[in-house]
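Student:
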Amino acid sequence: MYNQKNILETIEMIDKQHLDVRTITMGISLLDCCRSDPKAACQKIYDKIARLAQDLVRTGEDIEAEFGIPIVNKRISVTPIALVAGASDTEDYVPFAQALDKARAATGVDFIGGFSALVQKGMTAADRRLLQSIPEALASTELVCSSVNVGSTRAGINMDAVALMGLIVKKAAALTADQGGLGCAKLVVFCNAVEDNPFMAGAFHGVGEGDCTINVGVSGPGVVHHALQRVKGAPFDVVAETIKKTAFQITRMGQLVAQEASARLGVPFGIVDLSLAPTPAVGDSVARILEEMGLEACGTHGTTAALALLNDAVKKGGVMASGHVGGLSGAFIPVSEDEGMIAAARRGTLTIDKLEAMTCVCSVGLDMIAVPGDTSAETISAIIADEAAVGMVNSKTTAVRIIPVPGAKVGDTMEMGGLLGSAPVMPVHPESAADFIRRCGRIPAPLQSLKN
Amino acid sequence: MRAIVTVIGRDQVGIIGGVCTRLASYNVNILDISQTVLQGNFTMMMVVEAGQANLEFGELTRQMADYGAERGLTIRVQRENIFDAMHKI
Numbered sequence: 296m297y298n299q300k301n302i303l304e305t306i307e308m309i310d311k312q313h314l315d316v317r318t319i320t321m322g323i324s325l326l327d328c329c330r331s332d333p334k335a336a337c338q339k340i341y342d343k344i345a346r347l348a349q350d351l352v353r354t355g356e357d358i359e360a361e362f363g364i365p366i367v368n369k370r371i372s373v374t375p376i377a378l379v380a381g382a383s384d385t386e387d388y389v390p391f392a393q394a395l396d397k398a399r400a401a402t403g404v405d406f407i408g409g410f411s412a413l414v415q416k417g418m419t420a421a422d423r424r425l426l427q428s429i430p431e432a433l434a435s436t437e438l439v440c441s442s443v444n445v446g447s448t449r450a451g452i453n454m455d456a457v458a459l460m461g462l463i464v465k466k467a468a469a470l471t472a473d474q475g476g477l478g479c480a481k482l483v484v485f486c487n488a489v490e491d492n493p494f495m496a497g498a499f500h501g502v503g504e505g506d507c508t509i510n511v512g513v514s515g516p517g518v519v520h521h522a523l524q525r526v527k528g529a530p531f532d533v534v535a536e537t538i539k540k541t542a543f544q545i546t547r548m549g550q551l552v553a554q555e556a557s558a559r560l561g562v563p564f565g566i567v568d569l570s571l572a573p574t575p576a577v578g579d580s581v582a583r584i585l586e587e588m589g590l591e592a593c594g595t596h597g598t599t600a601a602l603a604l605l606n607d608a609v610k611k612g613g614v615m616a617s618g619h620v621g622g623l624s625g626a627f628i629p630v631s632e633d634e635g636m637i638a639a640a641r642r643g644t645l646t647i648d649k650l651e652a653m654t655c656v657c658s659v660g661l662d663m664i665a666v667p668g669d670t671s672a673e674t675i676s677a678i679i680a681d682e683a684a685v686g687m688v689n690s691k692t693t694a695v696r697i698i699p700v701p702g703a704k705v706g707d708t709m710e711m712g713g714l715l716g717s718a719p720v721m722p723v724h725p726e727s728a729a730d731f732i733r734r735c736g737r738i739p740a741p742l743q744s745l746k747n
Numbered sequence: 017m018r019a020i021v022t023v024i025g026r027d028q029v030g031i032i033g034g035v036c037t038r039l040a041s042y043n044v045n046i047l048d049i050s051q052t053v054l055q056g057n058f059t060m061m062m063v064v065e066a067g068q069a070n071l072e073f074g075e076l077t078r079q080m081a082d083y084g085a086e087r088g089l090t091i092r093v094q095r096e097n098i099f100d101a102m103h104k105i
């Protein structure tokens, strides 16, 4: 007989502590969809996605019902479109985004990602065309996500691309001004982007991947928070152990779902992403975990150390629970998607500068941050450059997903609804970095020895 | 296919009988039962064999949940692998 306590514990995690599988993401290679006729390429893209992912949503729902685990999103990631569209005789890549959106609607998934380009060292003509198509692609599609990798530890930072991305972010906001600049919530600028990330908006299916894979992203900040409430005042050794044990359980659930989905869909299992992904719901916050460790508010002194411990313990606990770990794997700190972060940003404790420091020790980067609408393109580029530098030097993935909300001032709130939550508009430094950004060129790759 | 049925809610006359009858009508065999009252809440757990059930597993979970909802009970039917995965190394 099963241990009653264990059964009730699992049920309580799901019912009261928001335990869920955040996403089952099917990665699909579109490399065989290259055609010189752009219309033929788009048709091929649509057909391939619609065929491979036709059972994804139903399979997710079946697993959800049978195991009693909520699976919040079913998603698709595809080969970076710049690599596919580059073969077509066209200047305009927006139809490719529309083909993705059409395939998304046909399959019923929540998001599709991969309107992307990898330009860490240089830009091909196709990469440049893709970048220039991003604002309109985001404005004219509903749930297509875009990402651009502008730097890596091995290549350095492509400052031409960084300068361009500042302008693109601004334009994406302007074209979706009637929705508060929502287009920017679907656009991520990476350094050291990973090829098997199941999380949006940065998911794409890397060229080193197979034809089709299943990747799963777990969640569970609420479960970790709840577990820490039971060890109030205990030393950090106990805190780390508690997080590890909880992360193990969460990941085992993700691994089970990934294996089931893979077997039922007849698609190889790729990875489980061990991320702690918050939602705007009360009780599902990463910030509240940090506060539970003894901080009055997330963002105060001590936050970076608390986050470093959390991030490391999540990985240590999760690694043993899964056959293959990958993706972003770490604690996410998206401001608008985390109830505790929203509160800390509103009270002014959590600032962009502190968030930048936090990204040195956790997964990803400056995520879902709203800034005033009059923030200049150069300032946004400079924020991207800073974050890319953190990733480049520390050999980790960093990213920027920033929304210059048209017409908004510091203190306003941008409501996005759903998992995207609501973003308090945060201040940026008023001093200009325009001359810095205008230099363009490349920041050389950093030394990998003499590490201090 | 083995599954765990959990029944949680206000204690009342005939819970066990009702749930068992219902499961039998779907040709679900009960392998083990344990039951307790925790802080006024009736809590029952069953290990069942649902491999020969006369309806799909998803439908079984919905039917049992609906049956529970009519009586103020939360009834879940979950495949046992989930508990194995989370609590056994």
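First to last, the sequence lines map onto chains A and B.
Take this note's numbering: the final residue in the first sequence is number 747, and no numbers are missing along the way.
Take this note's numbering: the final residue in the second sequence is number 105, and no numbers are missing along the way.
All C-beta atoms in this analysis are idealised placements derived from N, C-alpha and C, irrespective of residue type, glycine included.
#1: Could you check the C-alpha separation between VAL705(A) and ALA640(A) for me, to the nearest Å?
#2: Give me the residue from ARG583(A), GLN427(A), VAL367(A) with the minimum Cα distance to PHE406(A).
#3: Determine the contact status of ILE738(A) and ILE98(B), defining contact as a CB-CB distance below 8 Å.
#4: How should GLY274(A) be labelled, buried or exposed, when 16 other C-beta atoms within 10 angstroms of its C-beta is the threshold for buried?
#5: Rounded to the nearest angstrom, what separates ASP327(A) and TYR388(A) at their Cα positions?
#6: Output, in chain order, the set of chain B residues within a Cβ distance shorter than 9 Å of ILE364(A).
#7: Beta carbon of MET653(A), beta carbon of ALA582(A): below 8 Å?
#8: How would you write the range of the alpha helix (DSSP H) that LYS465(A) sits in, first residue to last?
#9: Determine the burial state of GLN94(B): buried for a count of at least 16 other Cβ atoms within 10 Å of its Cβ, exposed for fewer.
#10: Measure the C-alpha to C-alpha separation of GLY478(A) and MET80(B) and round it to an integer number of angstroms.
#11: Out of MET711(A), ALA336(A), GLN349(A), which has the shortest C-alpha to C-alpha gap to ALA392(A)?
#12: In chain A, what lies closer than 8 Å to THR77(B) by C-beta?
#13: From PRO699(A) to GLY549(A), what does the alpha carbon distance come to, in whole angstroms?
#14: What are the complete alpha helix (DSSP H) segments, minimum 4 residues, inside the region 54-91 of chain B?
#15: So is PHE73(B) in contact with chain A if we call contact Cβ pairs under 8 Å?
#16: Hey, out of PHE494(A), ALA488(A), ASP607(A), HIS724(A), whose CA is closest to PHE531(A)'s CA?
#17: With a CB to CB cut of under 6 Å and the five nearest residues on each side skipped, what residues in its chain are close to THR541(A)?
#18: For ARG547(A), which residues in chain B fall below 8 Å Cβ to Cβ?
#19: Is LEU482(A) near SER441(A), with beta carbons less than 8 Å apart?
#20: Measure the C-alpha to C-alpha separation of GLY56(B) and GLY25(B) and round it to an integer number of angstroms.
#21: Given ARG317(A), which residues of its chain have a CB within under 6 Å of its CB, disregarding the five upstream and five downstream residues?
#22: Is it the case that the Cβ atoms of GLU651(A) and GLU682(A) are separated by a distance below 8 Å?
#23: Could you confirm whether any beta carbon from chain A is found closer than 8 Å to the beta carbon of MET80(B)?
#24: Contact defined as beta carbons within less than 8 Å: I believe ALA496(A) pairs with PRO701(A). What is the distance between those atoms, to the nearest angstrom?
#25: Would you list, in sequence order, the uninterrupted beta strand (DSSP E) runs of no fewer than 3 residues that lie entirely inside the region 296-369 of chain A?
#26: Against chain A, with Cβ distances strictly below 8 Å, would THR37(B) count as a contact?
#27: What residue from GLY686(A), ASN689(A), PHE627(A), VAL656(A) has the CA that sits closest to ILE664(A)'s CA?
#28: Excluding the 5 residues preceding and the 5 following ALA616(A) in the sequence, name in chain order all residues of the same chain whose CB lies nearer than 7 Å to its CB.
#29: At the 8 Å Cβ level, is ILE32(B) part of the contact set with chain A, yes or no?
#30: When the distance is taken between beta carbons, is LYS527(A) closer than 8 Å to ILE675(A)?
#31: Within the continuous beta strand (DSSP E) that includes MET663(A), where are the two ends?
#32: So with CB distances below 8 Å, who are the chain B contacts of LEU551(A)?
#33: To the nearest angstrom, how far is the alpha carbon of SER324(A) from that of ASN510(A)?
#34: Between the region 433-453 of chain A and the region 407-418 of chain A, can you find at least three pairs of beta-carbon atoms closer than 8 Å?
#35: Looking at VAL656(A) and ILE697(A), is the spacing between their C-beta atoms short of 8 Å?
#36: I'd like to check one pair, LYS691(A) with ASN487(A): are the Cβ atoms closer than 8 Å?
Tutor: According to the structure shown:
#1: 11 Å
#2: VAL367(A)
#3: no
#4: Any property of residue 274(A) remains undetermined from this structure, which presents chain A solely from 296 to 747.
#5: 17 Å
#6: GLN94, ILE98
#7: no
#8: 454-470
#9: buried
#10: 43 Å
#11: ALA336(A)
#12: ALA360, GLU361, GLY363
#13: 35 Å
#14: 73-86
#15: yes
#16: ASP607(A)
#17: VAL518, VAL519, ALA522
#18: ALA101, MET102
#19: yes
#20: 9 Å
#21: VAL367, GLY512, SER514, ALA572
#22: yes
#23: no
#24: With 8 Å as the limit, ALA496(A) and PRO701(A) do not qualify as a contact, their Cβ atoms being about 19 Å apart.
#25: 316-323
#26: no
#27: PHE627(A)
#28: PHE543, THR546, ARG547, GLN550
#29: no
#30: no
#31: 661-667
#32: ASN97, ILE98, ALA101
#33: 14 Å
#34: yes
#35: no
#36: yes
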